[in-house]
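Just below is one structure, and these are the notes that go with it.
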Amino acid sequence: MVPSLLAETPAPILLLAFLVIGVGGILLVSHLFYGRFIAMVQEDPVPETGSDADSESSTESSAEADTKADAKAESTEPVTPGPNDLRGRVLTFTTLAFVFMLAFVLNTSWGNVQDAQYATQTEGAAIAQLLNLTDHFEDPQTAEAVQTAVLDYTNTIVNEQWPLLEVADGLGASAVGLTASTALGD
Numbered sequence: 077m078v079p080s081l082l083a084e085t086p087a088p089i090l091l092l093a094f095l096v097i098g099v100g101g102i103l104l105v106s107h108l109f110y111g112r113f114i115a116m117v118q119e120d121p122v123p124e125t126g127s128d129a130d131s132e133s134s135t136e137s138s139a140e141a142d143t144k145a146d147a148k149a150e151s152t153e154p155v156t157p158g159p160n161d162l163r164g165r166v167l168t169f170t171t172l173a174f175v176f177m178l179a180f181v182l183n184t185s186w187g188n189v190q191d192a193q194y195a196t197q198t199e200g201a202a203i204a205q206l207l208n209l210t211d212h213f214e215d216p217q218t219a220e221a222v223q224t225a226v227l228d229y230t231n232t233i234v235n236e237q238w239p240l241l242e243v244a245d246g247l248g249a250s251a252v253g254l255t256a257s258t259a260l261g262d
């Protein structure tokens with residue numbers, strides 16, 4: 077069921093679906109573990125110890141430290157995680173993976189387009205050569221029969237096989253191509 081569904085789904089839709097699933101997974105994991113990362117970043121205030129020689133400055137600095145510690149204790153808003161933020165790292169990794177995947181898909185698509193253009197040009201050149209060769213036949217009936225067969229083959233390919241290839245029906249297009257080639261050989 078799943079392999080046939082994947083085979084019948086167009087590539088851009090598959091790419092979009094995998095992207096949505098990947099980003100959704102990242103957001104889900106980030107949502108589930110975000111509180112843990114905030115708790116991991118929160119630190120208990122460490123009391124400062126001063127030297128006995130500077131008792132006045134140590135008294136002032138310990139008073140400032142106590143004020144800062146009280147301010148931290150009173151604020152209930154958690155500190156954002158910063159370097160331990162899971163979302164940023166996972167999103168960066170997923171973006172990088174998606175860019176590589178997109179590059180490979182585009183490269184493959186470009187290669188397939190180039191292969192299809194080459195095959196079409198080669199087949200068109202072969203048909204043109206075959207039609208030119210019929211001018212050198214001694215029997216005009218044979219030349220006309222070959223020209224008719226080649227033109228029928230060309231019409232079948234252009235009007236039947238190419239529309240099937242446009243909708244990615246490779247099996248149907250192969251069957252039409254085989255039938256047209258067999259008819260050309262007869």
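Take any residue in the sequence shown, count from 1 to its spot, add 76: that is its number in the numbering used here.
Even for Gly, the Cβ is constructed at its ideal location relative to N, Cα and C.
Being a predicted model, the structure only gives us computed values, none of them experimental.
Practice task
Please determine if the region 102-111 and the region 173-188 are in contact, where contact requires at least 3 C-beta pairs separated by less than 8 Å.
Solution key: no
Practice task
Tell me whether P239 sits in a helix, a strand or coil according to DSSP, three-state version.
Solution key: helix
Practice task
Could you say if the region 206-225 and the region 168-180 meet the contact criterion of at least three C-beta pairs nearer than 8 Å?
Solution key: no
Problem - Length at least 4, wholly inside the region 193-247: the alpha helix (DSSP H) runs in chain order - result: 216-232, 238-242
Problem - Residue of L247, D262, A179 minimising C-alpha distance to A83 - result: L247
Handout entry: Any chain C beta carbon closer than 8 Å to A195
Key = Absence of chain C from the displayed structure is noted, only one protein chain being present.
Handout entry: Cβ shell of L91 (< 8 Å), same chain only, five flanking positions each side left out
Key = M177, L178, V181
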